[in-house]
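Asker: Here it is: the structure, laid out below.
Numbering (this note's numbering), first residue to last: 11 to 108.
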């Protein structure tokens with residue numbers, strides 16, 4: 011009812027889309043959220059991709075659930091850390107490859 015009255019919309023997202031959004035937030039914004047919070051980002055991405063929301067449009071996504079509520083999901087979704095020796099040149103080489 012609220013969606014109709016506000017001329018809004020809703021979108022379904024898959025678990026894979028949610029995990030991708032969770033990873034995206036961590037990598038690009040440094041924000042660790044639980045999967046439930048990442049669902050709003052996954053939905054936004056889908057709505058932009060299908061043209062229901064314009065890329066330049068101002069949108070608010072609520073992401074209040076911290077990653078520590080469900081850390082195992084985040085750990086499983088992330089890549090293994092890159093190990094580097096303490097040699098400054100080795101560190102520079104790894105950074106250049108990123």
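Cβ atoms here follow ideal geometry from the backbone N, Cα and C, with glycine treated the same way.
Using beta-carbon positions only, say whether residue 75 and residue 46 come within less than 7 Å of one another.
Answerer: Cβ distance < 7 Å, so residue 75 and residue 46 count as in contact.
Asker: Give the secondary structure of residue 83 by DSSP, where H, G and I count as helix, E and B as strand, and everything else as coil.
Answerer: Looking at residue 83 - three-state DSSP - the assignment turns out to be helix.
Asker: If we ignore side chains and look at the alpha-carbon of each, how far apart do residue 81 and residue 93 end up?
Answerer: C-alpha separation (whole angstroms): 22 Å.
Asker: Hey, out of 13, 20 and 48, whose CA is closest to residue 29's CA?
Answerer: Taking only the C-alpha atoms, the option nearest residue 29 is 48.
Asker: Does DSSP classify residue 77 as helix, strand or coil?
Answerer: DSSP places residue 77 in helix when its eight states are reduced to three.
Asker: Measuring CA to CA, which of 39, 37, 72 and 42 is closest to residue 54?
Answerer: The candidate whose alpha carbon is nearest that of residue 54 is 72.
Asker: Which of the three DSSP states is assigned to residue 43 in this structure?
Answerer: Reduced to three states, the DSSP call for residue 43 is strand.
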